[in-house]
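> Heads up, the sequence shown is in the UniProt record's numbering, so the first residue is 1 and it goes up one at a time.
We put the CB at the ideal spot given by N, CA and C, even for glycine.
Handing you a structure now.
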Amino acid sequence: MRGRTWRHGEPQDDFVFSSISDCLAAEDTLVWCDIYDPDHAILKDLAEELHLNAWAVEDALADAERTKAVVYRTHTFFTVYGVTMTEAPDTAPGDASPSLLEVHRISGFVLPRGLITVRLSPHFDIDEVSRRFDELGGQEYGVGALVHGLLDVVVDGHFTAVQVLDDAIESLEDDLFAEETPRKGLQRKTFQLRKDLVALRRVVLPMREVVSAIQHRRLDAKTAPELDPVYADLYDHVLRVSEWTESLRDMVTTVFETNLSLQDARLNTVMKKLTGWAAIIAVPTAITGFYGQNVDYPGIETVAGFLTSSAIIVVLVLVLYVMFKRRDWL
């Protein structure tokens, strides 16, 4: 557990978790408490002390919970997912393509004078939330600014993830028309990118309702009008990420379908060439088989017959080769 306290707009260094309820009750005081991987009993005691909804507490600790925001009489509860991107390791052509996306769940209880965040992952940059809050103006804008700082960091992570996936799809498009790229590895990459986009879409699209619900909750009637422009900008970013995710989903689907079409085209080309060479090889086979019969024919067992059959083979093979080459069958 960690946190920060602001009094009269100035940051303090006296945050104590046991006195959080006293700080929340004091005027001109703002409290932020961050709890990582909490014990159920501790969070339940805190909920009873602060009169938090019991169902919201259960949702904050649940193994799987969707992105949402729920407004209660005394507080607002929300769950969002931050994402980070990892570098793709070098893998053998036959190995499965690893996921680039890591998802981290953050839940929050928004009170009139404080914010309590509950995290189940240590990889979310919670320090950046505090820096964003200071950049926005500190306690001058109340708890709404702190919530905005958290959501802004989350949405920026979504932007970074979409950009990385966009670059990965562009690289996939380049590999699509490269002759030396293994087809099996390309299919694995495409399938994994589709899975990452589905996972990102699942956490990005509901953010519109979360931002809208928190903005219209009017956490602080005095400062809410001043925060409307920054929340409107945040909502616009959420829309852009959502639209970008949808377009990338269409792009990776197009890559997948194009790959299948190219495979069919390559198969047709191979079959066409095999058919052409089979026709060419059939000429000497037919002629030599003709002369290999146990029936006397003109020129059998003579040099003239051998030269005649050889000349017929060469002429017919050359004629077929030129004809197939002109039609691009070879």
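Tell me, which residues are paired with Lys68 by DSSP?
Thr79
> Can you give me the C-alpha to C-alpha distance between Lys44 and Ala54, rounded to a whole angstrom?
8 angstroms
> Rounding to the nearest angstrom, what Cα-Cα distance links Leu150 and Thr84 in this structure?
15 angstroms
> On a Cα-Cα basis, can you pick out the residue from Trp244, Gly108, Phe133 that is closest to Val200?
The sequence shown places Leu at residue 200, rather than the Val named in the question. Looking at the Cα atoms, Trp244 is the closest of the given residues.
> Does the distance from the C-beta atom of Ile116 to that of Asp59 stay below 9 angstroms?
Their beta carbons are not under 9 angstroms apart, which means Ile116 does not touch Asp59 by this criterion.
> Tell me where the beta strand (DSSP E) around Thr29 begins and ends.
29-36
> Does Glu301 come out as helix, strand or coil in the three-state DSSP assignment?
coil
> Going by DSSP, name the residue or residues bridged to Gln12.
As a beta-bridge residue in DSSP terms, Gln12 pairs with Thr5.
> On a Cα-Cα basis, can you pick out the residue from Met1, Glu10, Glu65, Asp28 that is closest to Val16?
Met1
> Under 9 angstroms, do Phe78 and Ala213 count as touching if we go by C-beta distance?
yes
> Say whether the segment 62-82 touches the segment 100-109, bearing in mind that this needs 3 or more beta-carbon pairs closer than 8 angstroms, one atom from each stretch.
yes
> Roughly how far, in whole angstroms, is the beta-carbon of His158 from the beta-carbon of Val241, given that I think they are within contact range, below 8 angstroms?
5 angstroms
> How close, in whole Å, do the beta carbons of Val203 and Thr67 come, if the pair is a contact with beta carbons under 8 angstroms?
6 angstroms
> Once DSSP output is grouped into helix, strand and coil, what is the label at Arg132?
Three-state result, Arg132: helix.
> For Glu49, collect the residues of the same chain with a Cβ closer than 7 angstroms to its Cβ; drop the 5 residues on either side in sequence, then sort them by chain order.
Ser21
> On the three-pair Cβ rule with 8 angstroms, is the segment 271-287 touching the segment 190-197?
The segment 271-287 is not in contact with the segment 190-197.
> Who does Gly108 pair with in a DSSP beta bridge?
Phe78, Thr117
> Find out if the Cβ-Cβ distance for the pair Glu209, Ala25 is shorter than 9 angstroms.
no
> For the alpha helix (DSSP H) holding Asp125, just list the boundary residues, first then last.
Element bounds for Asp125: n/a, residue is neither H nor E.
> In this structure, how does DSSP classify Thr86 when only helix, strand and coil are distinguished?
Residue state, collapsed to three classes: coil.
> On the DSSP bridge list, what partners appear for Glu49?
Bridge partners of Glu49: none, in fact.
> Tell me whether Ala43 sits in a helix, a strand or coil according to DSSP, three-state version.
The sequence as given places Leu at residue 43; Ala does not occur at that position. In the structure shown, Leu43 sits in a helix (DSSP, three-state: H, G or I).
> Please tell me whether Leu320 and Val283 are closer than 9 angstroms, where the distance is taken between their beta carbons.
yes
> Give the single residue among Thr254, Leu146, Arg132, Leu101 whose Cα lies nearest to the Cα of Glu173.
Thr254
> When the distance is taken between beta carbons, is Arg4 closer than 9 angstroms to Ser121?
no
> Would you kindly work out how many angstroms separate the C-alpha atoms of Val303 and Leu316, rounded to a whole number?
20 angstroms
> Which residue comes first and which comes last in the alpha helix (DSSP H) that contains Phe159?
143-176
> Using the C-alpha atoms, what's the distance from Leu318 back to Glu301?
26 angstroms
> Name the residue from Leu239, Ser310, Val252, Leu61 whose alpha carbon lies nearest to the alpha carbon of Ser171.
Val252
> Going by DSSP in three states, Leu100 sits in which element: helix, strand or coil?
coil
> Which one of Ile313, Gly144, Asn268 has the shortest CA to CA distance from Thr285?
Of Ile313, Gly144, Asn268, the smallest CA-CA separation from Thr285 is found for Ile313.
> Is it the case that the Cβ atoms of Asp127 and Pro11 are separated by a distance below 9 angstroms?
no
> Does the separation of the CB atoms of Val238 and Val270 fall below 9 angstroms?
Not closer than 9 angstroms, so no.
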